[in-house]
Amino acid sequence: MRALARVNLAAIERNVRRLRRELDGAELIAVVKADGYGHGAAPAARAALEGGAAWLAVATAAEATALRLAGIDGRVLVMGALTPDDVEEALAAGADVVAWREDMVEAIGERGGGRVHVKLDTGMGRLGTRDAEQATRVAELAASTAGVQLAGLMTHFATADEPGDAFLDEQLERFRAWALPLRERFPDALLHAANSAALLRDRATHFDLVRAGIAIYGLDPFQQDAASQELEPALELVSYVAEVKRCAVGESAGYGRRFVAESDTVLATVPIGYGDGVRRALTNNADVLIEGRRFPLAGTVSMDNVTVDLGADGGGVRRGDEVLLIGPGLPAEEMAQRLQTINYEITCGLAPRVPRRHHRDGVPA
Ligand SMILES: Cc1ncc(COP(=O)(O)O)c(C=O)c1O
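Residue numbers (our numbering): 416 to 780.
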């Protein structure tokens, strides 16, 4: 296999169990949008449900439909903004949807009704309304519209992944001030606010449901070290050594000759590139592991290949050896730091042409 993402579903299951240990009565919503953060939405969803997740969440109506077509029942929350066609599709998939204006609730009522979560924008500044009175009116309308059910009251944190930042507490206070009195009036409405970082950081954010994405995949929401959060990365990205060749001093490799050998060395050609999601900005700026040894990328990342500097003695590397780009000893967080991004973008950015091979601790799933 030229390039492959191996995804350990047992790790996702264990991560969900581990996250649930933090919860005191709250249920976990496993967020499987963007194809399960690149891990494969349906298999990740099934693994999360096995691990005890009570709900699933996605961003788009089409993602909800895809889960249903994969045979996954149960509660699914579509968290994203929806066009009228999207509302139709989400409701047809039996998903819960998010609303923050009266016309949104009306549109849901006109399409036969459904379960609505009202979103207060407590500071993310994205979806939801900043106006708590409006959010209350929308909740009242949802509760009184035929066919519509007020299922939830929600918000989303902007800085939960920045420990010590006080803004989370401000957002939390705004949410509590709005949602707790409303829940007295509508006791069936479930309160939810926390993402993975908030879940791990502050129990006061848990309420009835937590929406955990990144952490269920074993990635650190704080961009440090997954193990320190007792999380187990589920995904490994591998390729193989397709060619090994000598590169004499002064010879170069790759587009633009961005690697020129300063002394005689040996290069490996590995058939994975930015067409697979290994970003070009990693040019001369990433390591790979071959047989447990670290080697640096040499030169420009091209669409389908990278070259690796094995050193003068070739490092004992042979054609056919497996090359690890993300996995034990080479976490997605490291690649993210080199790219000045976050681990989310690394796994979401793996291209569709990289097959996902799902397994449970090595046993094909
Ligand atoms: C509204 C909402 N809730 C929860 C999540 C899950 O966040 P995380 O992956 O950080 O746990 C997301 C993801 O971005 C989101 O958009």
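Heads up, the beta-carbon is just placed ideally off N, CA and C, and yes, glycines get one too.
Considering only the alpha carbon of each residue, which of the options lies closest to residue i?
| i | options | result |
| --- | --- | --- |
| Ala665 | Phe674, Val659, Ala657 and Glu658 | As written in the sequence, residue 665 is Gly, which differs from the Ala given in the question. The shortest C-alpha separation from Gly665 is found at Phe674. |
| Gly735 | Tyr655, Ser611 and Glu465 | Tyr655 |
| Arg616 | Arg733, Leu471 and Pro636 | Pro636 |
| Gln564 | Ile687, Glu437 and Gly529 | Gly529 |
| Tyr689 | Arg661, Gly579, Ala766 and Ala713 | Ala766 |
| Val693 | Ala663, Arg753, Ala630 and Gly671 | Arg753 |
| Asp501 | Leu484, Glu478, Gln549 and Thr560 | Glu478 |
| Leu597 | Val653, Ala485, His571 and Ala558 | Ala558 |
| Val533 | Glu521, Glu525, Trp515 and Arg545 | Trp515 |
| Glu465 | Asp691, Glu588, Ala642 and Ile631 | Ile631 |
| Leu492 | Thr498, Asp640, Val653 and Trp470 | Trp470 |
| Trp593 | Glu749, Asn699 and Thr544 | Thr544 |
| Arg417 | Tyr759, Asn720, Val520 and Ala727 | Asn720 |
| Ala612 | Arg589, Gln638, Ala575 and Arg436 | Ala575 |
| Glu647 | Pro746, Ala496, Glu504 and Asp518 | Pro746 |
| Leu712 | Gly633, Ile687, Gly562 and Ala619 | Ile687 |
Apply the 10 Å Cβ neighbour rule to residue i and answer buried if 16 or more other Cβ atoms are within range, or exposed otherwise.
| i | result |
| --- | --- |
| Glu428 | buried |
| Arg626 | buried |
| Gln644 | buried |
| Gly867 | With the chain covering only 416 through 780, there is no way to say anything about residue 867. |
| Arg733 | exposed |
| Gln755 | exposed |
What I want to know is whether the C-beta of residue i ends up closer than 7 Å to one or more non-hydrogen atoms of ligand 1.
| i | result |
| --- | --- |
| His571 | yes |
| Val493 | no |
| Pro578 | no |
| Asn784 | Nothing can be reported for residue 784: it is not among the residues displayed for the chain, which extend from 416 to 780. |
| Asn610 | yes |
| Ala766 | no |
| Ala627 | yes |
| Pro636 | yes |
| Ala557 | no |
| Ala649 | no |
| Ala630 | yes |
Between which two residues does the alpha helix (DSSP H) harbouring residue i extend?
| i | result |
| --- | --- |
| Ser611 | Ser611 to Arg616 |
| Val422 | Note, Val422: premise wrong, no alpha helix (DSSP H); beta strand (DSSP E) at Ala418 to Asn423. |
Check for me: the beta strand (DSSP E) holding residue i runs from which residue to which?
| i | result |
| --- | --- |
| Val659 | Glu658 to Cys662 |
| Ser559 | Premise fails: Ser559 lies in the alpha helix (DSSP H), Ala547 to Ser559, not in any beta strand (DSSP E). |
Cβ of residue i versus every heavy atom of ligand 3: is any distance shorter than 7 Å?
| i | result |
| --- | --- |
| Val446 | Because ligand 3 does not appear in the structure shown, any question about it cannot be addressed here, the ligands present being ligand 1. |
Using a Cβ cut-off of 8 Å (strictly closer), state whether residue i contacts chain B.
| i | result |
| --- | --- |
| Ala505 | Any reference to chain B falls outside this structure, which holds one protein chain only. |
Inter-stretch contact at 8 Å, needing at least 3 Cβ pairs: the stretch 588-603 / the stretch 440-447: no
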